[in-house]
Every structure is written in structure tokens, then in C-alpha cells.
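There are 2 protein chains.
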Amino acid sequence: MNELMKFETYLRSHGQKMTRPRRVILEAFLGAEGHLSIDDILREAKKIDPGIGQATVFRTIRLITSAGLAREALQEDGARTFEHLADHPHHDHLLCVGCGKIIEFLSPLIEQEQQRIFVRYGFEPRGHMMELLGLCPECQAKERGEH
Amino acid sequence: MNELMKFETYLRSHGQKMTRPRRVILEAFLGAEGHLSIDDILREAKKIDPGIGQATVFRTIRLITSAGLAREALQEDGARTFEHLADHPHHDHLLCVGCGKIIEFLSPLIEQEQQRIFVRYGFEPRGHMMELLGLCPECQAKERGEH
DNA sequence: AGTAAGAATGATAATCGTTATCATTATTGT
DNA sequence: ACAATAATGATAACGATTATCATTCTTACT
Ligand SMILES: [Mn+2]
Ligand SMILES: [Mn+2]
Ligand SMILES: [Zn+2]
Ligand SMILES: [Zn+2]
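Quick mapping for you: the protein sequence lines, in order, are chains A and B.
Counting from 108, one number per residue, gives the positions in the first sequence under my numbering.
Counting from 108, one number per residue, gives the positions in the second sequence under my numbering.
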């Protein structure tokens, strides 16, 4: 089942309609890799249909996220970005506070321990946010060089 | 060394001055437990000195955080809160998406593994953000009852 | 196909949290 | 005390997000 069909299924099951702008935004979003801001997505969508409005991107990316096709990642500076989950299994982020570079990683050990914590407190898991903040090797070198 | 002295030391070492508003805001902040918004802190500070302005709370809480006396925690809805670190060792958060309840926990195993990840990628650690999102036992019961 | 009801859209205004500006006040080293 | 300079608080400005609303699109039903 492809992403478009999943989205359509989600919309129908929530009494909402599949429309051209929603299709265009999903297509634009899936076609770009990485962590995209709302305006990134708007720019991509306008390449397909210049009539797309920003408000609709806000509305649609929220639907796409609710449908489980994307997730939100807050940058260190508070900026919101989205990444799609097609061919993109779950991972966490290691973020350089110097240059903003993002490394994606997955730690089965941490994922497992997180599950144990949910169980310990009787919580039903709904997801998690983990971002490690540090200084990448290049920025460390730069910092040493400038002293 | 108490928090006020630490703050004063930080300010001096950064060419900044200890002032009455800064003392009042720090005192108000330390006197309240939990996760406080800017306006929470402003409200507490105004109890001590009604003349305190919101802009100064924004400026001062940033200084307090830079001084290592507080840390920022983004809520699930993006709202910023701060908690002070006095008598409050490092921990992470388990957050109920139903009622907003926050449980604080510490997993040495996760902390250790995070360090290994920093090392693996050659990053100099600068901190991390981890929030587990789930549904607390009470909200699970409520959800079952209402179906 | 045609139609009517309701949902979605996009332009725009409104809102909200935060930051910048700036005249006034407070702090500090002399 | 004084001069130099930093900090303050009121307010304006800003950027991201959300609300509003007239118009257009979708869909279910004839
Ligand atoms: Mn990612
Ligand atoms: Mn906490
Ligand atoms: Zn870097
Ligand atoms: Zn709850």
C-alpha cells in the first residue's frame, strides 16, 4: 500500500476529502528527502502547482503527520521541520550545535529501555523525542583554530 | 556555593552586572518547583517586586540557563518551560499526551548509551533532550470508559 | 449528468511568543 | 560623588502559526 493510498484511507476514515492540493502537497513532501520546514514544503509544492497556499500546507502537513506518514522534529532553535517515513525507519538525531548538521542513528538498546520505562509507569507508548546535542568534529577543529 | 553566588560569578565572568531585577527573578524562579513558563516566573517575580518587566524575565532566564542553573524543556505542544537545577539532578520526562502529567525519571543505562553515541560520531557532548510520550493509566481508563 | 450540501481552499487578518528599540535608571570603578 | 556604561521596562516590531471568510471543489444523491 503506497503513501497516497494510506493518506486517502486516513482521510476517508476521518470524514475528510482527498483533494488536489492535498495530493500535490503529499507528492512534493515525499519527493524531497531530509528535514523540511513548512516553507520548504510550500516551495516544492508550488513547483507542481503554483496556486498552493501556505495555509493549506500547514493544514495538510498536520494531517499527513496524524496519518502516521510523517513526523515532526524540533530543531534546537525551536524551528519545526518534518520528515516523511516512507522508506525511512524510525531513528533519533544527533545534532551539531555549531553548524546544525544532523546525524541520524538508531540505538536498539535505548529503544528497548524506553519501552521498559513505559511499562514501569503503566503508560501506553505514543512515541518519543530524543535529540543529542553536541559539537561535531569539524566544529571542534574550527573552534580550536580560532582561539 | 549557593545558586545566587553561582549566578553572580557567571555574570561577572561574562562582564555583566548583578542587579536587583536579576536577583528577584532568580529568587522567584528558585522558590517555585516544577516546570515554569515565562509568565509563571513573571507572576512569581511580581509578588516580590511588582515593577519587574516581562522583557527582563526573558533576558534573565536566558542568563540563568546559560549559567547552568536551569534547563529548558519543550512541552509536547511546543510551549517552553524552565526548571531549576538546584537540588534537582538531571532527569528526563515521561509525558502524558492526555492530561499533560509529567513523570521525571532517570535511566543510567540510557545516559551511558548516549555517551557512547557521542563518542562513536566524534561529537563533544553538549546535552540532550528526551521526552517519552504516552497515555497515563488514568487517561487510559478514561478513554476506555468513554467508548 | 445535474444539483445541493458541506468541506476545502487561499488570501488575509488576527494572535501569540519572542526579540529589538530606546529613553530612563541603576551599577560600578574611579 | 561622578562619569561611563550596562540594564531596565514600556512599547513596537517580528515571525510563525491559526482563525476568518468569500469562493471553489468534492461528493452523494437524484
Ligand atoms: Mn531524521
Ligand atoms: Mn523536570
Ligand atoms: Zn558542526
Ligand atoms: Zn494522563
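Ideal Cβ placement from N, Cα and C applies to all residues, glycine included.
Are there any heavy atoms of ligand 2 lying less than 7 Å away from the beta-carbon of glutamate 115 of chain A, as far as the coordinates show? Residue 115 of chain A sits at position 8 when you count from the first residue of the first sequence. No, since every heavy atom of ligand 2 falls outside the 7 Å radius drawn around the Cβ of glutamate 115 of chain A.
The stretch 209-235 of chain A: positions lying closer than 7 Å to chain B by Cβ: Ile210, Phe212, Ser214, Leu216, Ile217, Glu220, Gln221, Ile224, Phe225, Tyr228, Gly229, Phe230, Glu231, Pro232, Arg233, Gly234, His235
Leucine 181 of chain A - containing beta strand (DSSP E), residue span: Locating residue 181 of chain A in the first sequence gives position 74, where the first residue counts as 1. First-last of the beta strand (DSSP E) with leucine 181 of chain A: 177-181.
Taking the C-alpha atoms as reference points, what is the distance between glutamine 222 of chain B and cysteine 246 of chain A? Counting from 1 along the second sequence, the entry for residue 222 of chain B is found at position 115. Counting from 1 along the first sequence, the entry for residue 246 of chain A is found at position 139. Approximately 18 Å, taken between the alpha carbons.
Interface flag, glutamate 238 of chain B vs chain A, CB-CB below 8 Å: Locating residue 238 of chain B in the second sequence gives position 131, where the first residue counts as 1. By this cut-off, glutamate 238 of chain B is an interface position.
Helix, strand or coil for cysteine 203 of chain A per DSSP? Against the first sequence, residue 203 of chain A aligns to sequence position 96. Cysteine 203 of chain A: strand per DSSP, three-state reduction.
Comparing alpha-carbon positions, which option in A:Gly158, A:Glu134, A:Pro244 lies nearest leucine 111 of chain A? Taking the first sequence and counting its residues from 1, one reaches residue 111 of chain A at position 4. For the residues A:Gly158, A:Glu134, A:Pro244, the minimum Cα distance to leucine 111 of chain A belongs to A:Glu134.
Any alpha helix (DSSP H) of 4 or more consecutive residues that is wholly inside the stretch 207-252 of chain B: 215-227, 244-252
Return the chain-ordered list of same chain residues with a C-beta closer than 6 Å to the C-beta of leucine 118 of chain A, the five sequence neighbours on each side being excluded. The sequence position of residue 118 of chain A within the first sequence is 11, counting from 1. Correct list, in chain order: Met125.
Between alanine 180 of chain A and ligand 1, is there a pair consisting of the residue's CB and a ligand heavy atom that are separated by less than 7 Å? Looking up residue 180 of chain A in the first sequence gives position 73. Flag set: Cβ of alanine 180 of chain A near ligand 1.
Any heavy atom of ligand 3 closer than 7 Å to the Cβ of leucine 202 of chain B? Along the second sequence, read from residue 1 onward, the residue named residue 202 of chain B stands at position 95. Checking every heavy atom of ligand 3 against the Cβ of leucine 202 of chain B, none is found closer than 7 Å.
What is the DSSP secondary structure of glutamate 190 of chain A, counted as helix, strand or coil? The residue labelled residue 190 of chain A in the question sits at position 83 within the first sequence. Glutamate 190 of chain A: strand per DSSP, three-state reduction.
Own chain residues within Cβ distance below 8 Å of histidine 235 of chain B, not counting five before or after: Residue 235 of chain B sits at position 128 when you count from the first residue of the second sequence. Answer for histidine 235 of chain B: Gln221, listed in chain order.
Residue closest to leucine 192 of chain B, alpha-carbon to alpha-carbon, out of B:Gly207, B:Pro232, B:Ala174: As a working note, residue 192 of chain B is residue 85 in the second sequence. Cα-wise, what sits closest to leucine 192 of chain B is B:Ala174.
Kindly indicate if chain A contains any beta-carbon less than 8 Å away from that of proline 196 of chain B. Here residue 196 of chain B is taken as the residue at index 89 of the second sequence, counted from 1. So, not an interface residue.
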